[in-house]
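Student:
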Amino acid sequence: MHLPKSDRRGNMWASASITDVSEEVSSVITDAAIGRRCWSDLCKLFTQAFPGSYAALLNQNFVRPEVNFAVSDGLEEEHINSFLGHYSLVNPWQRFWQHASNGAILVAERDDPARQYRGSEFYEDWMKAVGDFDAAVGLRLQVEDDQIIYLPVHFSEKLSPAYEPRLEAVMRNTRRSLTNALQLASYVQDTAQKVSAEAALAGLDHHIVFVVDENLKLHEANQRAVDAFSCRFPVTCRNGMIRFAVPSVTSQVLQRLRSKQRDLVGKLLMTAGVDKWVVGLNSLPRLCPEGPILSRPQFLIQIHKLSSSLERIDEDLLVAGFGLTPSELRLCRALAAGVLLADAAPLVQISYENARQKLKSIFKKLSVSSQADLKMVLRSMV
Numbered sequence: 046m047h048l049p050k051s052d053r054r055g056n057m058w059a060s061a062s063i064t065d066v067s068e069e070v071s072s073v074i075t076d077a078a079i080g081r082r083c084w085s086d087l088c089k090l091f092t093q094a095f096p097g098s099y100a101a102l103l104n105q106n107f108v109r110p111e112v113n114f115a116v117s118d119g120l121e122e123e124h125i126n127s128f129l130g131h132y133s134l135v136n137p138w139q140r141f142w143q144h145a146s147n148g149a150i151l152v153a154e155r156d157d158p159a160r161q162y163r164g165s166e167f168y169e170d171w172m173k174a175v176g177d178f179d180a181a182v183g184l185r186l187q188v189e190d191d192q193i194i195y196l197p198v199h200f201s202e203k204l205s206p207a208y209e210p211r212l213e214a215v216m217r218n219t220r221r222s223l224t225n226a227l228q229l230a231s232y233v234q235d236t237a238q239k240v241s242a243e244a245a246l247a248g249l250d251h252h253i254v255f256v257v258d259e260n261l262k263l264h265e266a267n268q269r270a271v272d273a274f275s276c277r278f279p280v281t282c283r284n285g286m287i288r289f290a291v292p293s294v295t296s297q298v299l300q301r302l303r304s305k306q307r308d309l310v311g312k313l314l315m316t317a318g319v320d321k322w323v324v325g326l327n328s329l330p331r332l333c334p335e336g337p338i339l340s341r342p343q344f345l346i347q348i349h350k351l352s353s354s355l356e357r358i359d360e361d362l363l364v365a366g367f368g369l370t371p372s373e374l375r376l377c378r379a380l381a382a383g384v385l386l387a388d389a390a391p392l393v394q395i396s397y398e399n400a401r402q403k404l405k406s407i408f409k410k411l412s413v414s415s416q417a418d419l420k421m422v423l424r425s426m427v
């Protein structure tokens with residue numbers, strides 16, 4: 046059955062039985078979960094079945110805090126945007142959305158009436174601007190620890206006697222369908238991310254390589270990484286969490302993974318034992334589903350020991366043939382190892398601006414224009 050489009054069909058849903066509305070809601074949910082319908086169609090069905098209401102479906106992380114997904118019907122765009130940009134953070138009902146049990150249904154007039162929030166920023170600045178929608182019935186679901194899905198339908202207090210029992214019944218009848226759909230979407234998401242992580246490891250057999258999330262939770266690893274975990278050097282994995290041999294490097298990597306850079310690329314130099322290791326970080330392409338389940342960022346981490354050949358570079362030849370200074374030689378080593386300029390500067394104990402100037406000097410003296418060219422020149426001098 047397709048969602049009614051016209052006012053005439055909308056009126057049909059307004060007079061339909063609770064069973065009919067519940068069946069149509071379940072149908073829309075199922076279709077949306079497999080991509081045959083938009084999730085906004087679910088909101089449209091509620092506003093048609095309950096004229097004069099607005100409905101929304103949201104995924105909110107209350108810890109960070111941020112709204113990861115939102116669709117609505119019956120709300121002006123400016124109001125949904127202001128809610129996402131600020132008012133979601135001061136929503137007095139967030140106590141319910143964050144802490145209620147999975148599958149809980151809120152009937153605002155009965156459980157937590159809007160009138161008690163008159164005078165608050167949320168009520169005075171946002172709810173009044175939206176209009177006469179103080180009454181509400183909402184469903185809360187939690188598919189993952191930090192992802193709360195909630196479906197509120199708001200309407201005028203005058204409509205409460207007619208709407209509250211019907212809405213509560215519809216949400217009670219359909220919450221299992223929505224739970225199953227979200228679990229299916231989460232499973233599909235996890236499967237796609239696993240495939241992405243496995244593909245990222247393909248062909249990278251010569252280094253320690255693994256894929257993690259923003260908390261350094263391990264997703265996939267190649268055999269060299271597994272061997273390193275067994276030896277607990279230069280990186281280990283305990284209870285599924287990655288830790289480097291040098292704690293400060295673990296902290297630096299975590300900071301970068303959580304920086305929310307869209308396309309993270311970076312390298313760090315780690316001194317562990319008697320060896321120096323290059324730790325490379327790259328964000329994997331993020332899946333962009335059109336649904337309420339958020340795809341999680343994944344990162345490819347590669348670790349390799351600095352080549353012994355680079356340790357035997359003929360520095361006398363570089364000085365005699367190209368006139369490099371001692372500080373330029375030190376910077377040259379770090380850059381040739383693949384460390385980015387921003388990370389190389391503190392390693393050789395100079396400022397970033399000073400490193401930029403020295404890099405220009407090195408490129409000019411060696412007649413190269415990139416770190417890749419520089420590395421080739423240095424290897425030719427081993």
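The sequence shown lines up with residues 46 to 427 when you count with the numbering used here. Just so it is clear, CB atoms sit at the ideal spot from N, CA and C, and this is done for glycine as well. Fair warning: this is a prediction, and the values are worked out from it, not measured in the lab.
(1) In this structure, does DSSP put E111 in helix, strand or coil?
(2) Quick one: what's got a C-beta closer than 6 Å to N399's C-beta in the same chain, skipping five residues either side?
(3) Is it buried or exposed, M286, if we count other Cβ atoms within 10 angstroms and call 16 or more buried?
(4) Which one of S328, A78, V384, A101 has the shortest CA to CA distance from A242?
(5) CB-CB under 8 Å to R401, same chain, minus the five flanking residues each way: which ones, in chain order?
(6) How many angstroms separate the CA atom of F141 from the CA atom of L151?
(7) Specify the secondary structure class of G130 as computed by DSSP and reduced to three states.
(8) Looking only at its own chain, which residues have a Cβ that is under 6 Å from the Cβ of D179, when we skip the five neighbours before and after it?
(9) Since R303 and E259 should fall inside the 8 Å C-beta cutoff, what is the C-beta to C-beta distance between them, to a whole number of angstroms?
(10) Per the DSSP calculation, I194 is bridged to which residue(s)?
(11) In whole angstroms, give me the CA-to-CA distance for S146 and R185.
(12) Between which two residues does the alpha helix (DSSP H) containing E265 stretch?
(13) Helix, strand or coil, according to DSSP, for A244 in the structure here?
(14) In terms of alpha-carbon separation, which member of V413, A390, F95, K405 lies closest to M216?
(15) Could you give the residue range of the alpha helix (DSSP H) that holds S328?
(16) Need the endpoints of the alpha helix (DSSP H) that I436 sits in, please.
(17) By Cβ distance below 6 Å, which residues in the same chain neighbour A181 in space, the five residues on each side in sequence not counted?
(18) Nearest to I79 by alpha carbon, out of A226, T370, P206, V112?
(19) Tell me whether the stretch 363–380 and the stretch 401–411 touch, counting them as touching only if at least three CB pairs, one residue from each stretch, are closer than 8 Å.
(20) Use the C-beta contact count for E335: other C-beta atoms within 10 angstroms, 16 or more gives buried, fewer gives exposed.
(21) Under the DSSP definition of a beta bridge, which residues are partnered with S117?
(22) Please state if the CB of S340 and the CB of S222 are separated by a distance shorter than 9 Å.
Tutor: According to the structure shown:
(1) strand
(2) none
(3) exposed
(4) S328
(5) L386
(6) 8 Å
(7) Taken through DSSP and simplified to helix, strand or coil, G130 comes out as helix.
(8) A159, E202
(9) 5 Å
(10) DSSP output for I194 lists N104, L186 as bridge partner(s).
(11) 8 Å
(12) That residue, E265, is in no alpha helix (DSSP H); its beta strand (DSSP E) goes 263–266.
(13) helix
(14) F95
(15) Note, S328: premise wrong, no alpha helix (DSSP H); beta strand (DSSP E) at 320–328.
(16) An answer regarding residue 436 cannot be provided, because it is not within the stretch 46 to 427 covered by the chain.
(17) Leaving aside the five residues that flank A181 on each side, the residues in its chain whose CB is nearer than 6 Å to its CB run, in chain order, A153, P197, H199.
(18) I79 has its Cα closest to that of A226, out of A226, T370, P206, V112.
(19) yes
(20) exposed
(21) A101
(22) no
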